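*Asks:* Starting off with a structure, shown below.
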Amino acid sequence: MGWISGARKKTATVLLMSLGLLSLPQMAFGAQKDITLKLGGQYCGVYLDDVKHALRKLHGVGNISFNSSQDKVSIAEASDGPKEADLINAINNVKGDGWYCQAESLH
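Under mature numbering (1 follows the signal peptide of the UniProt record, and there is no 0), the letters of the sequence shown match residues -30 to -1, 1 to 77, in that order.
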């Protein structure tokens, strides 16, 4: 009989593989960057769910948080995620003409 029995060997292998898989999201996203955009428009606060939905469609976008008192949105994304211009376009094109929420760079 070996040092580890067959059943224990399988359990140990599954456990080690699971631990390795838990680190995959971190490896997949690598370093993250935060981008903060200014939001403007008379009714922008009403449409924050639409803004969040539009941003979530972009590959690499992580956490999205709004600061309504300063009219800003902060987006955490993978280092290879969308560029700032892509985020701005996603927000500005949510509803087409007459859309009351516009994003702009803080730079």
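A virtual CB, placed ideally from N, CA and C, is assigned to each residue, including glycine.
Because the structure is a prediction, the values reported are computed rather than measured.
(1) What are the residues that DSSP puts in a beta bridge with residue 98?
(2) With 16 other CB atoms within 10 Å as the buried threshold, where does V16 fall?
(3) Hey, L64 and V21 are a contact pair by Cβ (cut 8 Å); roughly how many whole angstroms apart?
(4) Determine the contact status of K8 and E74, defining contact as a CB-CB distance below 8 Å.
(5) Figure out for me which residue from E47, C71, G68 has the closest Cα to the Cα of T6.
(6) Taking N33 as the reference, which of H23, Q40, G68 has the closest Cα?
*Replies:* Result, derived from the coordinates:
(1) The structure shown has nothing for residue 98, since the chain only spans -30 to 77.
(2) V16 should be labelled exposed.
(3) As written in the sequence, residue 64 is Val, which differs from the Leu given in the question. The beta-carbon separation of V64 and V21, rounded to 7 Å, stays under the 8 Å limit for a contact.
(4) Yes.
(5) Selected option, being the one with the closest Cα: E47.
(6) Nearest Cα to N33 within the set H23, Q40, G68: H23.
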